[in-house]
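Line order of the protein sequences matches chains A and B. Residue numbers for the first sequence, in numbering that gives the first Met the number 0: 0 to 187. Residue numbers for the second sequence, in numbering that gives the first Met the number 0: 0 to 280.
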Amino acid sequence: MSEIKYITTPLTEETVKNLHAGDFVRITGPIYTARDAAHKRMYEALGRGEALPFDVKGNVIYYVGPSPTKPGEVVGSAGPTTSGRMDKYTPTMIEQGMKGMIGKGFRNDAVVEACKKHHAVYFVAIGGAAAVISQSIRSEEMVAFEDLGPEAIRHYEVVDFPAIVGIDIEGNDVYKLEIAKYAELLNK
Amino acid sequence: MRDIDVKEVTRAVAECCIDSCNNLPEGVLKKLEAARKEEISPLGCQVLDTIIENAKLANKKQVPLCQDTGLTVVYIDIGQEVHFTGGDLWDAIHAGVAKGYTEGYLRKSSVDDPIFLRKNTQDNTPAIIHCRIVPGEKVHIIVLPKGCGSENMSQLRMLKPADGLEGIINFVLEAMRTAGPNPCPPVTVGVGVGGNAEKATELAKYALARKIGEHNANPQYAKLEDDLLELVNKTGVGPSGLGGKTTALAVNVEYAPTHIGGMPCAVIFNCHAARRSETTI
Numbered sequence: 000m001s002e003i004k005y006i007t008t009p010l011t012e013e014t015v016k017n018l019h020a021g022d023f024v025r026i027t028g029p030i031y032t033a034r035d036a037a038h039k040r041m042y043e044a045l046g047r048g049e050a051l052p053f054d055v056k057g058n059v060i061y062y063v064g065p066s067p068t069k070p071g072e073v074v075g076s077a078g079p080t081t082s083g084r085m086d087k088y089t090p091t092m093i094e095q096g097m098k099g100m101i102g103k104g105f106r107n108d109a110v111v112e113a114c115k116k117h118h119a120v121y122f123v124a125i126g127g128a129a130a131v132i133s134q135s136i137r138s139e140e141m142v143a144f145e146d147l148g149p150e151a152i153r154h155y156e157v158v159d160f161p162a163i164v165g166i167d168i169e170g171n172d173v174y175k176l177e178i179a180k181y182a183e184l185l186n187k
Numbered sequence: 000m001r002d003i004d005v006k007e008v009t010r011a012v013a014e015c016c017i018d019s020c021n022n023l024p025e026g027v028l029k030k031l032e033a034a035r036k037e038e039i040s041p042l043g044c045q046v047l048d049t050i051i052e053n054a055k056l057a058n059k060k061q062v063p064l065c066q067d068t069g070l071t072v073v074y075i076d077i078g079q080e081v082h083f084t085g086g087d088l089w090d091a092i093h094a095g096v097a098k099g100y101t102e103g104y105l106r107k108s109s110v111d112d113p114i115f116l117r118k119n120t121q122d123n124t125p126a127i128i129h130c131r132i133v134p135g136e137k138v139h140i141i142v143l144p145k146g147c148g149s150e151n152m153s154q155l156r157m158l159k160p161a162d163g164l165e166g167i168i169n170f171v172l173e174a175m176r177t178a179g180p181n182p183c184p185p186v187t188v189g190v191g192v193g194g195n196a197e198k199a200t201e202l203a204k205y206a207l208a209r210k211i212g213e214h215n216a217n218p219q220y221a222k223l224e225d226d227l228l229e230l231v232n233k234t235g236v237g238p239s240g241l242g243g244k245t246t247a248l249a250v251n252v253e254y255a256p257t258h259i260g261g262m263p264c265a266v267i268f269n270c271h272a273a274r275r276s277e278t279t280i
């Protein structure tokens, strides 16, 4: 197993250059949450020439819709949702300067190309590990679209958020590489 | 004849909602621990360690295993000697979902209209209800909170008689490879064969409502479940789709009589958090 890389957000060119598909990372710093409905609104806002509700430059968006926060907790359960549903909007967000995404599952070729072209990274968090992941979220603040409930945009401060590099700036895709490797090994 | 107040149903559904979302069934946890011992992929081992830790933490803190606490599928078997009192049964089931999801701090993931408004109903209703009338004077309820990451990878194919067993096997494997990491492996694969289009789909979902470790009572179908599990676990998808030999914990097949001209087959996945809770009134 590779060594764990500790990185901070917002992401810099220097940081993303050293990340490779399959690396274990721990992310510390601010991240923003957004999933289906928030992406749709941001995408439509950009289409109308309006500004986004937060500056995405160098920032990381976490695809998550948390469960409600229990009394005494900082945040509810907050694991990754399936990233592929955001593929339609992602190249535009990357063009706006977004440098990282956290989610789970396959991305399409357009996302891989945008990662290569603009040096953005797709991080994979473990789907269904929501209770464990929530422990790395230290604060939560509403940013925009509060009416969307779990789909609202929130600002999290995270410490050592556990993830794996899914797609690096060379376009390597951990899912494709690892599944192919084990498919071959198990069918020898 | 036995009178049952529908408030009992509301209470039972609410309890099952909270229990299923916070507490991974013991049998699933055991399967995960056994799979961890056999896994060969370093990333896969890391994933399995994390999801086992997650199940224990969620149980201890009584918080949801996963933020996606799903649309709520409710199977209700009603003994034909039962007479419900005190209100409408369907309303009572929906009220149980609303109570469970509100009091249990579970995420409300239901929108009222799929195309135009997509406005959150705020209490996770309506439940998706499957009802059967059975002999006896009891009411049996299974609650299956079903997340969308796995549900979105569902497939229905109208296979033909000439496709045979090979057609079924190839379709299941194709569905698994296409799904890859998306349904949060190691999955449970629900396969419904026969009936017509809606029956096959209903059977595939019902196959996921089984207790883990239970096989189809028909030995030929039980063997098919074992054979499919072995083949699915050779796809290389692995835990979280990050490679390895633990792609599925179980393959459950349900079947029904079908038309002379057809062999419909549906595949629906459940994530590694194979959540379910049941109770009897």
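The beta-carbon is built from N, C-alpha and C at its ideal position, and this holds for glycine as well. A quick note: this is a predicted structure, and the numbers were derived from the prediction, not measured.
DSSP three-state label for residue i, please.
{"i": "B/Phe-170", "result": "helix"}
{"i": "A/Asn-58", "result": "coil"}
{"i": "B/Gln-219", "result": "helix"}
{"i": "B/His-82", "result": "strand"}
{"i": "A/Gly-46", "result": "helix"}
{"i": "B/Gly-189", "result": "strand"}
{"i": "B/Ile-280", "result": "coil"}
{"i": "B/Cys-15", "result": "helix"}
{"i": "A/Gln-134", "result": "coil"}
{"i": "B/Ile-211", "result": "coil"}
{"i": "A/Val-15", "result": "helix"}
From residue i to residue j, what does the alpha carbon distance come to, in whole angstroms?
{"i": "B/Thr-84", "j": "B/Val-72", "result": "23 Å"}
{"i": "A/Ile-6", "j": "A/Lys-187", "result": "38 Å"}
{"i": "B/Gln-121", "j": "A/Gly-148", "result": "9 Å"}
{"i": "B/Ala-221", "j": "B/Val-188", "result": "14 Å"}
{"i": "A/Asn-171", "j": "B/Gln-45", "result": "21 Å"}
{"i": "B/Lys-233", "j": "B/Thr-177", "result": "14 Å"}
{"i": "B/Ser-149", "j": "B/Ala-249", "result": "15 Å"}
{"i": "A/Lys-98", "j": "A/Tyr-61", "result": "12 Å"}
{"i": "B/Trp-89", "j": "B/His-82", "result": "14 Å"}
{"i": "B/Asn-53", "j": "A/Ala-36", "result": "28 Å"}
{"i": "B/Glu-7", "j": "B/Ile-280", "result": "8 Å"}
{"i": "B/Arg-10", "j": "A/Lys-116", "result": "55 Å"}
If you check the beta carbons only, do residue i and residue j fall under 8 Å apart?
{"i": "A/Val-164", "j": "A/Leu-10", "result": "no"}
{"i": "A/Ala-124", "j": "A/Gly-78", "result": "yes"}
{"i": "A/Thr-81", "j": "A/Gly-102", "result": "yes"}
{"i": "B/Ile-140", "j": "B/Ile-75", "result": "yes"}
{"i": "A/Val-120", "j": "A/Ile-168", "result": "yes"}
{"i": "A/Gly-75", "j": "B/Cys-183", "result": "no"}
{"i": "B/Pro-238", "j": "B/Leu-47", "result": "yes"}
{"i": "A/Ile-132", "j": "A/Ala-113", "result": "no"}
{"i": "B/Ala-208", "j": "B/Arg-275", "result": "yes"}
{"i": "B/Val-190", "j": "B/Ala-206", "result": "yes"}
{"i": "A/Ala-50", "j": "A/Ile-152", "result": "no"}
Around the C-beta of residue i, are 16 or more other C-beta atoms found within 10 angstroms, so that it is buried, or is it exposed?
{"i": "A/Val-24", "result": "buried"}
{"i": "B/Leu-227", "result": "buried"}
{"i": "A/Ile-30", "result": "buried"}
{"i": "B/Leu-241", "result": "buried"}
{"i": "B/His-271", "result": "buried"}
Since residue i meets chain D, which of its residues come closer than 8 Å, beta carbon to beta carbon?
{"i": "B/Pro-63", "result": "Included in the structure are the protein chains A and B, with no chain D among them."}
Against chain A: residues of the segment 95 to 116 of chain B by CB proximity under 8 Å: If the cut-off is 8 Å between Cβ atoms, the segment 95 to 116 of chain B has Tyr-104, Leu-105, Arg-106, Lys-107, Ser-108 near chain A.
With 8 Å as the limit, tell me which residues of the segment 179 to 201 of chain B have their beta carbon closer than that to any beta carbon of chain A; keep them in chain order. The segment 179 to 201 of chain B vs chain A, Cβ under 8 Å: Gly-179, Pro-180, Asn-181, Cys-183.
Cβ-based contacts, 8 Å cut-off: residues of the segment 100 to 125 of chain A near chain B: Lys-103, Gly-104, Phe-105, Val-123, Ile-125
Taking a cut of 8 Å between CB atoms, which residues from the segment 62 to 87 of chain B lie near chain A? The segment 62 to 87 of chain B vs chain A, Cβ under 8 Å: Val-62, Pro-63, Leu-64, Cys-65, Gln-66, Asp-67, Thr-68.
Members of the segment 21 to 42 of chain B that neighbour chain A once the beta carbon cut-off is set at 7 Å: Only Ser-40, Pro-41, Leu-42 from the segment 21 to 42 of chain B bring a Cβ to less than 7 Å from some Cβ of chain A.
Quick one: which residues of the segment 36 to 60 of chain A get their C-beta closer than 8 Å to a C-beta of chain B? List them in chain order. Ala-36
Taking a cut of 8 Å between CB atoms, which residues from the segment 13 to 25 of chain A lie near chain B? Gly-21, Phe-23
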